[in-house]
């Protein structure tokens, strides 16, 4: 899309969320000024002015950065301002949302902050003269209120100009339909990714969170009472296809897991007691890996596998980076190195095996999924069952192939109720 990156879904709404939080903070500063101004003496009021002034300056700097990082925002604000003037001239009763240009508002607030700093500095030096102190206290209070009002107007102007900018950018042929189609599609796949990640986190909490003692991985983390909780390694194996209407599934999955890292933060809060039943999960590090089927990308329709290769290669490198952070078991490191050095395309099922083995040895959570939740999920579950049986029971290659067939026919298909195997019911 020929849409400036400032107006893309995540960046657009994340900036509006930040401005919304800043408006709440401005209200909190104003409430604090009203409540605490008469509840103490001169020293307390002086400290209150300094604290609120610091908050005002911080809010100004953050709003200034937001204004400068949105393309064409000043022009959109000027258009809105001129339109409001025109409507007022015609006698229409409207509420002015953008009373002045954004740059003019920034310059005005900058001058107001200089004046406020000067008044606070003078106020700190006249404590000895009661008559003057009352005058300057009133002056400082009025200056703070004026700054807060100006910041609130700037925040409102930003949101109005940003929204108008989005509407203007989308006012092109087919642009609006494409934008909202992508937004709805992203919301749908992101909700699936969050559900999978949250389920994996809860499962890890019940099993016991991995502990690293002095940078050394402790595989018996359930009984460890010391050490530092490590980040959760989350390995995602998506068995996808892209036939007919299912094209774009790999792109959807990749976008969902990338956005999960930038949009979602999980946290773990220590329970107040051992009998507490309220659990609020918390995770501060995300490590993802997505393995894909060779047929699972739009690029395959044109004979290319670059996209799936990039997905698997980045996932392998992230797993290697995770293993390098801690002194993991040699077998886990070997599996990771094999994963990184392998050819990450052309239906290389060894990637799946190495990824699952590495995840298991490093105490991570492995997730197997596909879009439909039927055939390809059943195939992936069968492969994982065969791998676990081979490693725990010492089966040879011929026995493993037999296990694959039996699991696929009698366990997986019966579970999903596939009509083609109804004779086994």
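In the working numbering, the protein residues as written are 1 to 425. Even glycine gets a Cβ: it sits at the ideal position worked out from N, Cα and C.
Neighbourhood of residue i by C-beta, 7 Å cutoff - its chain only, sequence neighbours within 5 removed
i, result
"residue 388", "none"
"residue 290", "Below a pLDDT of 50, predicted positions are generally treated as unreliable, and residue 290, at 36, falls in that range; the measurement from the model is reported next regardless. Correct list, in chain order: 236, 238, 253, 254, 257, 311 and 315."
"residue 402", "none"
"residue 426", "Because residue 426 is not part of the residues shown, which for the chain are 1 to 425, the question remains open."
"residue 23", "152 and 155"
"residue 331", "361"
"residue 20", "none"
"residue 87", "94"
Residues sharing a beta bridge with residue i, DSSP
i, result
"residue 238", "369"
Helix, strand or coil at residue i according to DSSP, with G and I counted as helix
i, result
"residue 232", "strand"
"residue 125", "coil"
"residue 94", "coil"
"residue 362", "coil"
"residue 330", "helix"
"residue 266", "coil"
"residue 41", "coil"
"residue 172", "coil"
"residue 394", "coil"
"residue 257", "helix"
"residue 221", "Because the pLDDT at residue 221 is just 40, under 50, the model does not fix this residue reliably, and the point stays unresolved."
"residue 354", "helix"
"residue 324", "helix"
"residue 9", "helix"
"residue 63", "helix"
"residue 100", "coil"
"residue 14", "helix"
"residue 3", "coil"
"residue 208", "coil"
"residue 153", "helix"
"residue 75", "helix"
"residue 287", "Its pLDDT being 33, under 50, residue 287 is placed unreliably in this model, and the value from its coordinates should be taken loosely. Strand."
C-beta contact flag for residue i and residue j at 8 Å
i, j, result
"residue 238", "residue 369", "yes"
"residue 102", "residue 77", "yes"
"residue 147", "residue 112", "yes"
"residue 36", "residue 48", "yes"
"residue 201", "residue 232", "yes"
"residue 74", "residue 204", "no"
"residue 157", "residue 105", "yes"
"residue 15", "residue 141", "no"
"residue 84", "residue 94", "yes"
"residue 97", "residue 160", "yes"
"residue 427", "residue 250", "Since the first residue shown for the chain is 1 and the last is 425, residue 427 is missing from the structure and cannot be characterised."
"residue 384", "residue 356", "yes"
"residue 188", "residue 80", "no"
"residue 386", "residue 400", "yes"
Nonlocal neighbours in the same chain, by C-beta distance under 8 Å from residue i, ignoring five residues either side
i, result
"residue 405", "none"
"residue 25", "55 and 59"
"residue 62", "18 and 22"
"residue 12", "6, 162 and 166"
"residue 334", "none"
Reference residue i; option with closest CA among the options
i, options, result
"residue 325", "362, 55, 95 and 54", "362"
"residue 151", "177, 64 and 50", "64"
"residue 360", "323, 395 and 393", "323"
"residue 266", "249, 331 and 199", "199"
"residue 143", "86, 50, 79 and 170", "50"
"residue 40", "137, 398, 108 and 309", "137"
"residue 149", "29, 91, 182 and 166", "29"
"residue 167", "9, 393 and 186", "9"
"residue 52", "31, 38, 320 and 42", "31"
"residue 44", "184, 367 and 120", "120"
"residue 116", "320, 331, 399 and 145", "145"
"residue 42", "91, 134 and 88", "134"
"residue 321", "186, 114, 358 and 353", "358"
"residue 110", "57, 206, 125 and 87", "57"
"residue 172", "353, 3 and 354", "3"
Close-in-space but distant-in-sequence residues of the same chain around residue i (CB under 6 Å, 5 per side omitted)
i, result
"residue 170", "176 and 179"
"residue 183", "9"
"residue 392", "none"
"residue 398", "none"
"residue 91", "none"
"residue 118", "none"
"residue 185", "none"
"residue 303", "Summary for residue 303: the model assigns pLDDT 47, below 50, so the residue's position carries little reliability; its value from the coordinates is reported in the next sentence. There are no such residues."
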